[in-house]
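**Q** Quick one: the structure is below, and I'll ask about it shortly.
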């Protein structure tokens with residue numbers, strides 16, 4: 166059984182934003198595929214949200230977590246630029262970590278690591 170001390174609202178905001186981004190930044194004419202994985206490590210609960218979307222250049226890995234920073238115009242993809250910033254702020258406030266790994270035109274993996282208590 167998986168037991169995590171974490172706010173239900175915080176988990177909801179984190180997963181909703183990451184899944185919404187996977188759906189939003191999809192490739193045209195390709196079915197969206199999203200994998201949500203859990204990995205149990207000795208010291209962490211690790212969650213991965215992976216998509217087959219448009220991907221993100223590694224040049225922008227830090228920028229995407231800043232408030233109001235967008236890599237695309239609102240006409241390309243609707244949004245405020247607050248989703249990932251909110252996710253990172255919640256995660257860091259709770260002493261957790263988030264990382265991103267992505268390849269342009271292949272997809273993105275967001276990894277959320279939660280220390281075990």
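Numbering (the working numbering), first residue to last: 166 to 282.
Every residue, glycine too, gets a C-beta built ideally from N, C-alpha and C.
1) Would you list the one or two residues that DSSP bridges to residue 203?
2) With C-beta atoms as the reference, is residue 174 less than 7 Å away from residue 275?
3) Counting only the same chain and skipping the five closest in sequence on each side, list residues whose C-beta sits under 7 Å from that of residue 188.
4) Among 209, 219 and 171, whose alpha-carbon lies nearest the alpha-carbon of residue 194?
5) Applying the criterion that 16 or more other CB atoms from any shown protein chain within 10 Å of the CB defines a buried residue, is residue 201 buried or exposed?
6) Using the Cα positions of residue 260 and residue 281, report the straight-line distance between them to the nearest angstrom.
7) Can residue 209 and residue 278 be called in contact, C-beta distance under 7 Å?
**A** Checking against the coordinates, here is how it stands:
1) 212
2) no
3) 197
4) 219
5) exposed
6) 11 Å
7) yes
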